Amino acid sequence: MTLNTCPRCTGPLGIRPALSRITTARTLTICTPCGIDEALRDADRKAPIPPTEWPITS
Ligand SMILES: [Zn+2]
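Take a look at the structure:
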């Protein structure tokens, strides 16, 4: 895994990586689609997928 790889989906981070809301410190850098997915799960009151279950390969 490189710094340019999203740890959540193993995809490229892209030019505007997001900060995962998983941690209160928001220090995990994830790609934009993952950031959107987390936001959608949050809006849908779904539990976030913990980093221990990353990468997500669905
Ligand atoms: Zn991702």
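Residue numbers for the sequence shown follow my numbering, so the first one is 37 and each next one is one higher.
Yeah, the Cβ is synthetic: ideal placement off N, Cα and C, and Gly gets one too.
Values in this document were obtained by computation on a predicted structure and should not be read as measured data.
Check, Outcome
"Is it right to say GLU74 is buried, meaning 16 or more other beta carbons lie within 10 angstroms of its own, or is it exposed?", "buried"
"Using a strict less-than 7 Å threshold between each residue's beta carbon and the heavy atoms of ligand 1, what residues do you get?", "CYS42, ARG44, CYS45, GLY47, ILE66, CYS67, PRO69 and CYS70"
"With DSSP as the reference, please indicate the residues paired to THR65 in a beta bridge.", "LEU55"
"When burial is assigned at 16 or more other CB atoms within 10 Å of the CB, is GLY50 buried or exposed?", "exposed"
"Taking only the alpha-carbon atoms, compute the straight-line gap between TRP40 and ILE72 and give it to the nearest angstrom.", "Note on identity: in this sequence residue 40 is Asn, with Trp being the wrong assignment. Computed Cα separation, rounded: 18 Å."
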